[in-house]
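Colleague: The structure's right below; bear with me while I get my questions together.
2 protein chains.
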Amino acid sequence: MASNKELVEQKAIFAAYLKKKKLKITRQRQVILENFLKTEGHLSTEELYQQVRQKDRTIGYATVSRTMKALTDAGLAREIDLGDSRSRFEPLYKRPHHHHIICVECQKAIEFLSPELEQLQEQVVSRYRFQPVRHHFQVFGVCEDCQEHRPAKHEDFDSDLVFARDALRIALQTEKNGVNFYQSLAKAATDARGRNAFLEMAAEEEKHLRELEGEWETLVKRNKRVLKAPVFLHFDYNELNRLFPSPEELQKRHLERLSLEEALHLALSMEQGAHRFFKRYAEKFNDTRGKGIFLKFAEEELEHCELIQQECDRLLGSSTPLPQSQEPEIGSETTA
Amino acid sequence: MASNKELVEQKAIFAAYLKKKKLKITRQRQVILENFLKTEGHLSTEELYQQVRQKDRTIGYATVSRTMKALTDAGLAREIDLGDSRSRFEPLYKRPHHHHIICVECQKAIEFLSPELEQLQEQVVSRYRFQPVRHHFQVFGVCEDCQEHRPAKHEDFDSDLVFARDALRIALQTEKNGVNFYQSLAKAATDARGRNAFLEMAAEEEKHLRELEGEWETLVKRNKRVLKAPVFLHFDYNELNRLFPSPEELQKRHLERLSLEEALHLALSMEQGAHRFFKRYAEKFNDTRGKGIFLKFAEEELEHCELIQQECDRLLGSSTPLPQSQEPEIGSETTA
DNA sequence: ATCTGTGCAAAATGTTTGCACCACA
DNA sequence: TGTGGTGCAAACATTTTGCACAGAT
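Residue numbers (this note's numbering), protein chains in the order written: chain A, 172 to 507; chain B, 172 to 507.
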């Protein structure tokens, strides 16, 4: 369900590719591209062939096959392997790299995205000094419907909305943790000035939370069905507990009682951690639609850093400059 | 390079499988199984066919193909996909589930194991309520040799030794971190009794470290070439910083100054964390050769827990029982 | 006008199957 | 002695290619 604008953009990319390669824009190639993009899915050559045949009885299998090769070469399609030993293709334009979980009974394939996995891939290629070309993770299993012998319902969802939904969920949870975190700090603060500062921060996070809840409402109102789509963006919510420790976690780490300076210091390093985390997270999306969402999110964490920095200046005096967020951080390379 | 004992075991498994299915043990099936196991690799049907043909000119391609199906069904082989659209097989018996990084130029495939990835798979199937069947992660790229246009050298290593090497490296690093950690705690301890207790713990870890270094020497002496094998067990050494925080990390977490009770409490929770971590880690290996190594390792961490518990009793009196390690812990499920 | 694209059919590639003999148990 | 096994060749499934004609720039 790509927007019309994107269809035009992709046609232009294909045209440019053909021109560069001194190839021709033909009716067949147009029809094939349009049909391929129209169907968000994992079309095999045969399926696509049958589909374009509806539009134009004369188009041959070979042409479909050759055109898909060209589209792949042009960067508009990706050939994927769903384990049924036939070539399948999916649209690539402005879509993040993702993986598939495939039902071995009904062949349904669910897409999911995992920045964690992208990171693992980076570690692996760097460790073995490979120049990366491509990678994929596939999980095969029996889907819920097939386990219960229900007919498999195949629903198509707008992938942009699903992505936005998942990102928003992460954002909401982050803000909730933030509120909790600052309320805990306020409790832990041993003096009144600190308490107030942290309550303010908690209020700030709560304001964000309300805004996000508004966005959530809008999203859901726009498309109720989106709630039924399977999770696309795979996120380990435990990660958040590392960014903003829960009250229990704080206790476990012996941070129930903090001086003003310690508490501010802790808050700053948490916000810096969150900023870095979401910035890196965003980077995993390359030039795809999801990137902006998380960059904005990282930006907000940065604003929090500044707020805290201001509190520090106000409460501690500029005499005690807190350490700046320093890149590079703990790093991704090993010490073997 | 499987041991003779394992060859016999696998033959027995195949025999039992054939018996159960009322199939017959034939000369061809024996030859094919032996050749398949003899070659630790990723044989295609064609390659294996050529190989058994050396032994017995009359064996047909179809028989090889059918036998590999049977071996797969019997659980002795796994069919893998190295992206060249032909069936390839690898031995499965007592080998942990692993993944492949494949050179698109010379087709060389390096195996690597990542418990982290196994965990991700578990999260994914549970999230989508799939009944898991199989999963694999493949990374394609250009290997170092091909990047520099060197002839690809194909070396075979004893997979057991390589696994042991990698496990030992992790263990060594863990103990090193442990020594550091206890030395830091000793410094941070505000009273002399605590300081001594932690120096003792540090010495304990150091003793382990020496033992492990001994094991390392033995391993390397037994087979020097093993050091040249690519990393098999992929481990994120940053993980260790989470188990036993480095001095910098301790400082960052505002734990430079601890009362005896706090310090003991911290040490106990770190050791518990390490125990749990390695126990879970070991579980990812199912019934494979690597499992034992990490279980033993987890066991040692548990002994540390008990040592610390004793210190607590001795120094704090049994009046302050510290919290027990509680399963279930922070858990793997999300809070979306 | 030229040079690439196309459809068709044939080839190529890899795996599976049918069937008449073969050989374990 | 009989059931399942084997090799061979043919069938299958899917993708790729060769070629003569069609059509885009």
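Heads up, the beta-carbon is just placed ideally off N, CA and C, and yes, glycines get one too.
(1) List the endpoints of the continuous beta strand (DSSP E) containing B:G312.
(2) With C-beta atoms as the reference, is A:H270 less than 8 Å away from A:Q294?
(3) Which whole runs of the alpha helix (DSSP H) in the stretch 320 to 398 of chain A are 4 residues long or more, in chain order?
(4) Please compile the residues from chain A whose C-beta is within a distance smaller than 9 Å of the C-beta of B:Y452.
(5) By the criterion of Cβ-Cβ separation under 7 Å, what are the contact partners of B:Y353 in chain A?
(6) Identify the continuous beta strand (DSSP E) that holds B:A249 and give its terminal residues.
(7) Tell me which residues share the same chain as A:T361 and place their Cβ nearer than 8 Å to its Cβ, disregarding the 5 neighbours each side in the sequence.
(8) How big is the Cα-Cα spacing for A:C510 and A:L435?
(9) Put B:S430 into one of helix, strand or coil per three-state DSSP.
(10) Give me the chain A residues within the contact set of B:S256, using Cβ-Cβ distance strictly less than 7 Å, ordered along the chain.
(11) Check the Cβ of A:C476 against every Cβ in chain B and list those closer than 7 Å, keeping chain order.
(12) At what residue ranges does the stretch 406 to 490 of chain A contain a whole run of the alpha helix (DSSP H), taking only runs of 4 or more?
(13) So the candidates are B:E433, B:R381, B:L390, B:R321; which of them puts its Cα closest to the Cα of B:D329?
(14) What residues in the stretch 283 to 298 of chain A have a beta carbon less than 8 Å from any beta carbon of chain B?
(15) Is the CB of A:Q278 under 8 Å away from at least one CB in chain B?
(16) Using the C-alpha atoms, what's the distance from B:R336 back to B:Y408?
(17) Locate the beta strand (DSSP E) running through B:E282, then write down its first and last residues.
(18) Closer than 8 Å, CB to CB, is A:H306 near chain B or not?
(19) Report yes if the CB atom of A:M441 is closer than 8 Å to the CB atom of A:F369, and no otherwise.
(20) Using a Cβ-Cβ distance cut-off of 8 Å, determine whether A:C314 contacts chain B.
(21) Is B:I281 close to chain A? Criterion is C-beta to C-beta, closer than 8 Å.
(22) Please report whether the beta-carbon of B:V397 lies at a distance below 8 Å from any beta-carbon of chain A.
(23) Quick one: give me the first and last residue of the alpha helix (DSSP H) that B:T266 is part of.
(24) What residues from the stretch 400 to 421 of chain A come within 8 Å of chain B, judged by C-beta to C-beta, listed N to C?
(25) Tell me which residue opens and which closes the alpha helix (DSSP H) that B:R237 is part of.
(26) Does chain B have any CB closer than 8 Å to the CB of A:Q534?
(27) With respect to the alpha helix (DSSP H) encompassing B:I203, which residues constitute its N-terminal and C-terminal limits?
(28) Can you have a look at A:L439 and say buried or exposed, based on whether 16 or more other CB atoms are within 10 angstroms of its CB?
(29) Decide if B:G365 is buried, meaning its Cβ has at least 16 other Cβ atoms within 10 Å, or exposed.
(30) Take the Cβ of B:K455 as the centre, count every other Cβ of all protein chains shown within 10 Å, and call the residue buried at 16 or more, exposed below.
(31) Report yes or no: is there a C-beta of chain B within less than 8 Å of the C-beta of A:D362?
(32) Report buried or exposed for A:T229, applying the criterion of at least 16 other Cβ atoms within 10 angstroms of its Cβ.
(33) Between A:R460, A:N457, A:H446, which lies nearest to A:E474 when the distance is taken from Cα to Cα?
(34) What does the alpha-carbon distance come out to for the pair B:R451 and A:P322?
(35) Which residues of chain B have a Cβ atom closer than 8 Å to the Cβ of A:I272, listed in chain order?
(36) Distance, Cα to Cα, A:D292 vs B:F311?
Modeller: On the basis of the coordinates in this document:
(1) The sequence position of residue 312 of chain B within the second sequence is 141, counting from 1. It spans 302 to 313 - the beta strand (DSSP E) in which B:G312 sits, taken as one unbroken run.
(2) For the purposes of this step, residue 270 of chain A is identified with residue 99 of the first sequence, where counting begins at 1. For the purposes of this step, residue 294 of chain A is identified with residue 123 of the first sequence, where counting begins at 1. Taking 8 Å as the Cβ cut-off, A:H270 and A:Q294 do not qualify as a contacting pair.
(3) Whole alpha helix (DSSP H) segments, 4+ residues: 330 to 359, 363 to 393.
(4) Mapped onto the second sequence, residue 452 of chain B falls at position 281. Chain A residues near B:Y452: none, gap ~16 Å exceeds 9 Å.
(5) For the purposes of this step, residue 353 of chain B is taken as residue 182 along the second sequence, with counting starting at 1. Correct list: empty, because the minimum Cβ distance to chain A is about 17 Å.
(6) The residue given as residue 249 of chain B occupies position 78 in the second sequence. Looking at the sequence provided, one finds Arg at residue 249 of chain B rather than Ala. Run containing B:R249: 248 to 251, per the beta strand (DSSP E) assignment.
(7) For the purposes of this step, residue 361 of chain A is taken as the residue at position 190 of the first sequence. Contacts found: R428, L429, S430, L431.
(8) In this structure chain A extends from 172 to 507, so residue 510 of chain A is not present and cannot be described.
(9) In the second sequence, residue 430 of chain B corresponds to position 259, counting from 1. B:S430: coil per DSSP, three-state reduction.
(10) In the second sequence, counting from the first residue as 1, residue 256 of chain B sits at position 85. When 7 Å is used as the limit between beta carbons, B:S256 is near these residues of chain A: S256, in chain order.
(11) Position 305 of the first sequence, counting from 1, holds the residue named residue 476 of chain A. What A:C476 touches in chain B: nothing, since even the nearest Cβ is about 16 Å away.
(12) The stretch 406 to 490 of chain A contains these whole alpha helix (DSSP H) runs: 409 to 414, 418 to 423, 431 to 454, 460 to 487.
(13) Counted from its first residue, the second sequence places residue 329 of chain B at position 158. Minimum Cα distance to B:D329 is reached at B:L390.
(14) Of all residues in the stretch 283 to 298 of chain A, those with a C-beta nearer than 8 Å to a C-beta of chain B are F283, S285, E287, L288, L291, Q292, Q294, V295, V296, R298, reading in chain order.
(15) On the first sequence, position 107 is the one that residue 278 of chain A refers to. It does not: the Cβ of A:Q278 has no partner Cβ on chain B nearer than 8 Å.
(16) Your numbering for residue 408 of chain B matches position 237 in the second sequence. Your numbering for residue 336 of chain B matches position 165 in the second sequence. In this model, B:Y408 and B:R336 are separated by some 15 Å (Cα to Cα).
(17) As a position in the second sequence, residue 282 of chain B is number 111, starting the count at 1. It spans 280 to 283 - the beta strand (DSSP E) in which B:E282 sits, taken as one unbroken run.
(18) As a first step, residue 306 of chain A is located in the first sequence; it is residue number 135 there, counting from the start. A:H306 has a beta carbon lying within less than 8 Å of a beta carbon in chain B.
(19) Translated into positions along the first sequence, residue 441 of chain A becomes position 270. Translated into positions along the first sequence, residue 369 of chain A becomes position 198. No, they are not a contact pair.
(20) Here residue 314 of chain A refers to the residue found at position 143 when the first sequence is read from its first residue. Chain B, which has a Cβ nearer than 8 Å to the Cβ of A:C314, makes this yes.
(21) Counting from one through the second sequence, the residue named residue 281 of chain B turns up at place 110. A Cβ of chain A is located within less than 8 Å of the beta carbon of B:I281.
(22) Here the question's residue 397 of chain B lines up with position 226 in the second sequence. Among the CB atoms of chain A, none fall inside 8 Å of the CB of B:V397.
(23) Against the second sequence, residue 266 of chain B aligns to sequence position 95. Note on residue identity: the sequence assigns Arg, not Thr, to residue 266 of chain B. In the DSSP annotation of this structure, B:R266 is not part of any alpha helix (DSSP H), being labelled neither H nor E.
(24) If the cut-off is 8 Å between Cβ atoms, the stretch 400 to 421 of chain A has P401, V402, H405, F406, D407, Y408, N409, N412 near chain B.
(25) For the purposes of this step, residue 237 of chain B is identified with residue 66 of the second sequence, where counting begins at 1. Taken as a continuous stretch (DSSP letters only), the alpha helix (DSSP H) holding B:R237 covers 232 to 244.
(26) With chain A covering 172 to 507 only, the question about residue 534 of chain A has no answer from this structure.
(27) The residue you call residue 203 of chain B lines up with position 32 of the second sequence. Start and end: 198 to 209.
(28) Taking the first residue of the first sequence as position 1, residue 439 of chain A is located at position 268. Buried, because 16 or more other Cβ atoms sit within 10 Å of the Cβ of A:L439.
(29) Mapped onto the second sequence, residue 365 of chain B falls at position 194. By the neighbour-count rule (16 or more Cβ atoms within 10 Å), B:G365 is buried.
(30) As a position in the second sequence, residue 455 of chain B is number 284, starting the count at 1. Burial call: buried.
(31) Position 191 of the first sequence holds residue 362 of chain A. No - not a single Cβ of chain B is within 8 Å of the one on A:D362.
(32) Mapped onto the first sequence, residue 229 of chain A falls at position 58. Exposed.
(33) In the first sequence, the residue the question calls residue 474 of chain A occupies position 303. For A:E474, the closest alpha carbon among the candidates A:R460, A:N457, A:H446 is that of A:H446.
(34) Locating residue 451 of chain B in the second sequence gives position 280, where the first residue counts as 1. Locating residue 322 of chain A in the first sequence gives position 151, where the first residue counts as 1. B:R451 and A:P322 have their C-alpha atoms roughly 37 Å apart.
(35) In the first sequence, counting from the first residue as 1, residue 272 of chain A sits at position 101. Within chain B, the residues near A:I272 are V295, V296, Y299, F301.
(36) Here residue 292 of chain A corresponds to residue number 121 of the first sequence, with the count starting at 1. Here residue 311 of chain B corresponds to residue number 140 of the second sequence, with the count starting at 1. Before going on, a small fix: residue 292 of chain A reads as Gln here, not Asp. The straight-line gap from Cα to Cα measures roughly 10 Å.
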